[in-house]
Every structure is written in C-alpha cells, then in structure tokens.
Amino acid sequence: RDDLTYVDVAKHAFGVFGGTAVFGMTLVNSLGICAAYSAFIGTTLASLSSTEGNIIHSLVPELSSNGFQLAAAALILPMNALASNSRFLSTVAYLGASALTVGVGATCWYGFSVTSDVFERLFTLPLFTSPAEYFR
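Residue numbers (UniProt numbering): 1 to 136.
This is the structure we're talking about:
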C-alpha cells in the first residue's frame with residue numbers, strides 16, 4: 001500500500017510500542033532539523049549584520065543570532081498556518097523559486113565579474129580533490 005507512514009509500518013512490524021517509539025523518534029528528528037536550520041539562519045544573518053558593506057548591515061546593524069531566529073519564526077509560523085491552502089502554498093513556492101534563481105544569478109554574476117579569467121582557471125583545477133586540500 002502506498003498510504004502507509006513510517007509509524008504504520010512500525011506498528012505492523014513491532015506493535016503499538018514500536019509505532020509509538022518511531023513516532024517519538026520522528027518527532028525529535030523533525031524538531032532537531034528545524035532547530036538546526038533556525039540556528040543556521042540566525043548565525044548566518046547575524047554574521048552579515050555585523051559586517052559593514054552589505055544590505056543586512058545597513059538594514060539591521062548588529063542584530064543578534066537570536067533576534068534573527070525570532071524574526072524568521074515570525075515569518076515562518078504564520079505561513080505554516082496557511083499551509084492547508086494549496087493556492088497560497090503554490091504562490092509562495094513560485095516566489096521562493098524565483099528568489100533562489102535571482103540569488104544564484106547574482107552570485108554567479110558577481111563571481112564572474114570579480115574573477116575575469118574563470119574559464120582559463122577552470123581547466124587548471126584538479127578533477128578529484130580531498131577536503132584536506134582546503135586546510136593547507
């Protein structure tokens with residue numbers, strides 16, 4: 001059957017206790033991922049906020065990581081309340097994909113404008129490398 005969840009499979013295989021354990025582990029895993037991503041957002045934006053010369057610093061100078069995490073939660077939580085509305089979700093998905101495309105394009109444009117000999121240097125890069133190469 002295609003409509004079974006991990007919890008359903010665990011209940012069938014291990015009984016009610018197994019299903020409850022899998023539900024608990026799935027819940028803890030999901031909350032951990034959300035917490036880690038929230039910390040990533042807060043830390044990244046806080047470092048941008050403390051660095052002069054970028055738009056984040058000019059808008060909110062020296063805002064802490066916790067402040068950015070709360071601001072992100074203030075944006076994300078109301079959107080989750082509207083998640084049952086598929087039309088809204090579709091619109092937000094298109095806006096997110098558009099913003100990502102603009103961000104990748106701006107990053108590529110900046111990268112190519114700073115390093116003019118990108119294509120010449122491209123063929124000098126090693127085909128296979130080790131992470132140790134970056135820590136010399």
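Note that beta-carbon positions come from the ideal geometry of N, C-alpha and C, so glycine has one too.
All of these numbers come straight from a predicted model, not from anything done at the bench.
Since I believe residue j is in contact with residue i (beta carbons under 8 Å), could you give me their beta-carbon distance rounded to a whole number of angstroms?
i: residue 141; j: V7; result: An answer regarding residue 141 cannot be provided, because it is not within the stretch 1 to 136 covered by the chain.
i: V60; j: M79; result: 21 Å between Cβ atoms; not a contact.
Taking the alpha helix (DSSP H) that residue i falls in, what are its first and last residues?
i: N29; result: Y6 to S49
i: P78; result: S65 to A81
i: A97; result: S86 to V114
i: residue 151; result: Outside the modelled stretch of the chain, which goes from 1 to 136, sits residue 151, for which no answer is possible.
i: L59; result: I55 to L59
Out of the options, which has the shortest C-alpha to C-alpha gap to residue i?
i: G42; options: T91, G15, P61 and G67; result: G67
i: S38; options: G53, S64, L59 and V92; result: S64
i: L77; options: F123, C34 and S58; result: C34
Find out if the Cβ-Cβ distance for the pair residue i, residue j is shorter than 7 Å.
i: F112; j: V104; result: no
i: N54; j: L45; result: no
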